[in-house]
Amino acid sequence: MNANASAPADAAAQRLRISEIFHSIQGEADAVGWPTVFVRLTGCPLRCVWCDTAYAFEGGTWRNFDEILAEVGKHRAHHVCVTGGEPLAQKRCLDLLARLCDVGYEVSLETSGALDISQVDPRVRRVMDLKAPGSGESARNLMSNLEHLTVRDQVKFVLTDRTDYDWAVAVVRERELAAHCMVLFSPVYGKLDPCTLAEWVLQDQLPVRLQVQLHKILWGEEPGR
Ligand code: SF4
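Each residue of the sequence shown is one higher than the one before, counting from 834 in the working numbering.
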């Protein structure tokens, strides 16, 4: 095969379908509060009932890695968060994560927990959901992912009600999650009162971090914030 014939394939290997790239304040997880550039990849194989990014299920535009890196660089932020949708649903996401780390960014990945995380660059901080029953998608949890978590990673439980909370507590205890990584409990915005969740966490003396979505306190449910 000559160089010209392989060029289209090479170009295709260096691009991703992107819903949006935007500069905001990280609203969740360990990096909360940092000015961060978000790269939102299009598509997700799950359908959580409380999903707040359904607009990323379809559409978007194909953008090559150089274009993505150039737009990220415009914002002069140290933190970059690759999110979705489910970013790992596009296999080339792994290459983008490595490229962002190579440039020197502090990179985090927000992932559903339904897809294999073992091949993610170890420089990336993985923020992985475990879907509680109230999401409607708990059967999709890939529990083998728990074997790959390190102290750099975070497991996030997004909780709708007491049933979700009890399920999360059982998983945390049975799997001894807090011994392996940071554990985050987050109430579904507008569904579970954060004060109620705070009381439950304190009563049970859980080794978890309560978090609320800072960006929604600042800007509500406005997309791209
Ligand atoms: S995994 Fe994330 S993007 Fe996909 S449906 Fe659930 S909340 Fe929405």
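Just so it is clear, CB atoms sit at the ideal spot from N, CA and C, and this is done for glycine as well. Computed from a predicted structure; not experimentally measured.
Per DSSP, Glu939 lies in no alpha helix (DSSP H); the unbroken beta strand (DSSP E) holding it starts and ends at Glu939 to Thr944. The segment 993-1012 and the segment 1035-1046 touch, with no fewer than 3 CB-CB distances between them shorter than 8 Å. For Ile1050, the secondary structure class from DSSP, reduced to helix, strand or coil, is helix.
By the neighbour-count definition (other C-beta atoms within 10 Å, threshold 16), His1048 is a buried residue. Taking non-hydrogen atoms of the ligand SF4 into account, the C-beta of Asp997 is found less than 8 Å away from none of them. Using a cutoff of 8 Å, the CB of Ala887 counts as near the ligand SF4, since one of the ligand's heavy atoms is closer than that. Around the beta carbon of Ile901, 16 or more other beta carbons lie within 10 angstroms, which makes this residue buried. Looking at the DSSP output, Asn897 shares a beta bridge with Arg848.
Taking 8 Å as the cut-off, one finds at least one heavy atom of the ligand SF4 near enough to the beta carbon of Glu919. The C-beta distance from Cys881 to Lys989 rounds to 12 Å, too long to meet the 8 Å contact threshold. Inter-residue distance for Arg959 and Tyr888 is about 23 Å (C-alpha atoms, whole angstroms). Here the C-alpha atom of Ala931 lies approximately 39 Å from the C-alpha atom of Arg995.
A direct Cα-Cα distance of roughly 12 Å separates Arg1058 from Asp885. Judged by DSSP secondary structure, Val1034 falls within the alpha helix (DSSP H) whose first and last residues are Pro1027 to Gln1036.
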